[in-house]
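The structure appears below as structure tokens.
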Amino acid sequence: SLTSKLDAIFKKLKGRGKLTEQNIKEALKEVRMALLEADVNFKVVKDFIQSVEQRAIGQEVMASLTPAQQVIKIVRDELTSLMGHGEERINLSGSPPVPIMLVGLHGCGKTTTAGKLARYFQERKKRPYLIPADVYRPAAIEQLQRLGQELGVDFYRPEPSQAPLDICLKGREFALRGGYDLMVIDTAGRLHIDEALMLELREIKASLKPKEILLVADAMTGQDAVNIAKNFNERLGIDGVILTKMDGDARGGAALSIRAVTQKPIKFIGVGEKLDALEVFHPDRMASRILG
Amino acid sequence: FLGKKTIDEGLLDELEGLLFAADLGVKTSDQLLEGVRQGLKKGELKEPDKVKEFIKQEMLRILRSGEKPLFIDFSQTRPFVFMVVGVNGTGKTTTIAKIAHQYSSQGRKVLIGAADTFRAAAVEQLEVWANRVGADLIRQSRGSDPSAVAFDSIHAAKAREIDLVFIDTAGRLHTKVNLMEELKKVKRIIGRECPGAPHEILLVLDATTGQNAISQAKLFNEVIGVTGIALTKLDGTAKGGIIVGITEELKIPIRYIGVGEGIDDLKEFNANEFVQALF
Ligand SMILES: Nc1nc2c(ncn2[C@@H]2O[C@H](COP(=O)(O)OP(=O)(O)OP(=O)(O)O)[C@@H](O)[C@H]2O)c(=O)[nH]1
Ligand SMILES: Nc1nc2c(ncn2[C@@H]2O[C@H](COP(=O)(O)OP(=O)(O)OP(=O)(O)O)[C@@H](O)[C@H]2O)c(=O)[nH]1
Ligand SMILES: [Mg+2]
Ligand SMILES: [Mg+2]
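Chains A and B, in that order, give the protein sequences. Position 27 of the first sequence, counting from 1, maps to 27 under my numbering, and the rest follow consecutively. Adding 1000 to a residue's 1-based position in the second sequence gives its number in my numbering.
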């Protein structure tokens, strides 16, 4: 673990007398390694280490009897504060049905997460409505409808060859008439570099003015997490993030990358394939997981 | 290259950045850069261009060993059985459709077994693809035993004189022991009903995945043995560099790369093109 690695380094260094700035920098190389092994973006790691170095080269570490623990504490605190505050709520202000839109790359878990969110609100005595706006993937609409059926949550039934924007507009009419509290819009997976599909999202945003545009991202995403998050945030604008597949053994460094480049909160994590597998995000737990 | 006239720490830093950005991962990047440092010490790499060339050649050396396309001799092996596996959402179902389409267009009779009996509309998704590529589909009700679907698929394939069978399995995290056990059973049933099968166990990896792809490949290989890899979503901005370390360590052939959502968006892996794209 990182703690044992740092302990070993400092044990070796303390034998040579007083700790120097160079000693601290050596120790931080281990931290850098841990973050890179966790898939945190290379540039984000560089910035992070620089900011931590400032604090770590202070007197408190140099004169400490337990420098390894001091460094770990500084790193962990810094990482946790970068992760955000946790317990971020979904914005349900405004007149119902409040629109929540899920976006992201292919296969990251949007449709499943739409089902999970519907269940989350149902548990809190709200009436959610599901809008399946993915017209491209075979049986995507059916997939969301099945999840709705499983939960007893109502959903819009698109016409054959109805376009995504129209599905959202007509879906909203139904949701309005039906007196639902919120609507969760599932969109098709798309590349952040696909101009036409990013435009499609902007059009839906302009028409429906979602209170929450949530980027759904896979916890095992590598260095590309910065490109994905930056582009979705710049070209569309996101209000928050849901990190999926956290039930695996990916360290999840993508979380730090996404936070660093968007400053948007991670609101939930997906922790399984079933519809009850949605948890609130805990910044301190994520920090520990990333550090390893 | 990188605007440098001399080789210095700055150049090595920039190189390192390039390797990391391409998702080569810590272990493989360190390995390649160590090779560079050795070359510099021995005075073998004198200009920045030579350094870049060295790294490229090293990667090519590793990846060429993985450049092994699948050649099926149907006169020897019929039906030829694919078992397609991988973690959730990597593109297994879509990749099956693409490969099936290739063989179906060559006049081969294809059958697909919908052994993802868990996920909502998994079978329906495959049904659409099977219709599009002209493949038979074997399915059972949702929640049924995937091994039962595999069993039915093998028997139907023999009865209908099918050339090629694809068993589509549910996405599963490699860390879920019970799900990996399920996969073992599917493989065992396939082998029992068709000795020698599955002839290709294809692991589908997503190019946007980071170093977790290494654990995925290792674990799937450990549990059921992987004979081929398909690397999908290379049409994005992710470079899929993690495949370098995987190839070096596990020596599994890289059969295909996925470059889009369409039925034709499948290519054979080419080491040269892959390395060019990284730089
Ligand atoms: N283990 C695990 N699997 C998940 C989680 N969230 C989603 N999945 C699985 O990931 C796969 C992809 O989920 P989908 O909901 O279809 O993903 P998507 O983003 O809608 O995919 P596209 O619409 O094709 O872009 C499915 O097998 C899901 O069951 C999670 O938190 N943990
Ligand atoms: N851009 C791009 N998208 C792809 C590629 N391959 C698959 N996809 C998309 O990735 C998403 C998931 O594909 P699936 O075939 O459902 O993946 P899967 O592994 O079968 O998913 P599960 O069965 O849920 O584990 C879909 O939106 C596909 O269209 C590819 O090469 N490029
Ligand atoms: Mg979907
Ligand atoms: Mg599938």
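Just so you know, even glycine gets a beta-carbon here, dropped at the ideal spot from N, CA and C.
Closer than 7 Å: residue i CB and nearest ligand 2 heavy atom
i         : result
Glu1053/B : no
Gly1143/B : no
Glu159/A  : no
Gln263/A  : no
Arg1119/B : yes
Glu1009/B : no
Lys1233/B : yes
Nearest-angstrom Cβ-Cβ length linking residue i and residue j, presumed shorter than 8 Å
i         : j         : result
Phe1054/B : Leu1063/B : Their Cβ separation, rounded to whole angstroms, is 15 Å, which puts Phe1054/B and Leu1063/B out of contact at 8 Å.
Phe121/A  : Leu182/A  : 6 Å
Leu6/A    : Glu37/A   : No, Leu6/A and Glu37/A are not in contact; Cβ-Cβ is about 15 Å, not under 8 Å.
Pro164/A  : Thr187/A  : 7 Å
Tyr180/A  : Pro99/A   : Actually they do not touch by this definition, with Cβ atoms about 11 Å apart.
Leu275/A  : Leu151/A  : 6 Å
Leu130/A  : Val184/A  : 6 Å
Which residues DSSP lists as bridging residue i, in chain order
i         : result
Ala1120/B : Bridge partners of Ala1120/B: none, in fact.
Ile242/A  : Val216/A, Phe268/A
Gly152/A  : Looking at the DSSP assignment, Gly152/A forms no beta bridge with any residue, so it has no partner.
Gly1210/B : Paired residue(s): none; Gly1210/B is not in a bridge.
Met1083/B : Ile1167/B, Ile1201/B
Glu221/A  : It should be noted that the sequence gives Thr, not Glu, for residue 221/A. Per DSSP, Thr1209/B.
Glu87/A   : DSSP output for Glu87/A lists no bridge partner at all.
Ala1114/B : Asp1168/B
Tyr1256/B : Ala1230/B, Glu1268/B
Met183/A  : Pro99/A, Tyr129/A
Leu1137/B : Ile1112/B
Cross-chain neighbours of residue i in chain B, by beta carbon under 8 Å
i        : result
Ile193/A : Gly1236, Thr1237
Gly109/A : Asn1088, Gly1089
Gly248/A : Val1087, Leu1173, His1174, Thr1175, Asn1212
Within-8 Å CB hit, residue i to chain B
i        : result
Gly299/A : A query on residue 299/A cannot be resolved here, the shown segment of chain A reaching from 1 to 292 and no further.
Leu36/A  : yes
Gln143/A : yes
Asp47/A  : no
Glu273/A : yes
Asp181/A : no
Heavy atom of ligand 3 within 7 Å of residue i beta-carbon
i         : result
Gly189/A  : yes
Lys245/A  : no
Lys110/A  : yes
Ala229/A  : no
Asp1206/B : no
Arg137/A  : yes
Ala140/A  : yes
Within chain B, the residues that residue i reaches when beta carbons sit closer than 7 Å
i        : result
Asp154/A : Here the premise fails: no neighbours, minimum Cβ distance about 16 Å.
Gln162/A : Those do not exist, as Gln162/A stays about 17 Å from chain B at its closest Cβ, beyond 7 Å.
Arg146/A : Ala1120, Ala1121
Ala139/A : Ala1121, Glu1124, Gln1125, Val1128
Met220/A : Thr1209, Gly1210, Asn1212
Asn227/A : Thr1237
Any non-hydrogen atom of ligand 1 closer than 7 Å to residue i Cβ
i         : result
Asn1088/B : yes
Gly1171/B : yes
Ala118/A  : no
Thr113/A  : yes
is_contact[residue i, chain A] using C-beta, thresh 8 Å
i         : result
Gln1125/B : yes
Thr1117/B : no
Asp1265/B : no
Asn1178/B : no
Val1026/B : yes
Ile1242/B : yes
Asp1168/B : no
Asp1206/B : yes
Distance cut-off 7 Å: residue i Cβ against heavy atoms of ligand 4
i         : result
Lys1092/B : yes
Gly1113/B : no
Asp7/A    : no
Ala1122/B : yes
Asp218/A  : no
Asp1116/B : yes
Asp1168/B : yes
7 Å Cβ cut-off: residues of chain A touching residue i
i         : result
Lys1233/B : His106
Ala1021/B : Phe42, Gln223
Ser1215/B : Asp249
Closer than 9 Å at the beta carbon, the chain B residues around residue i
i        : result
Lys245/A : Val1087, Asn1088, Gly1089, Leu1173
Glu91/A  : Per the sequence shown, residue 91/A should be read as Asn rather than Glu. Residues of chain B passing the Cβ test: none, with the nearest at roughly 27 Å.
Interface partners of residue i on chain A, CB under 8 Å
i         : result
Gly1017/B : Phe42, Lys43
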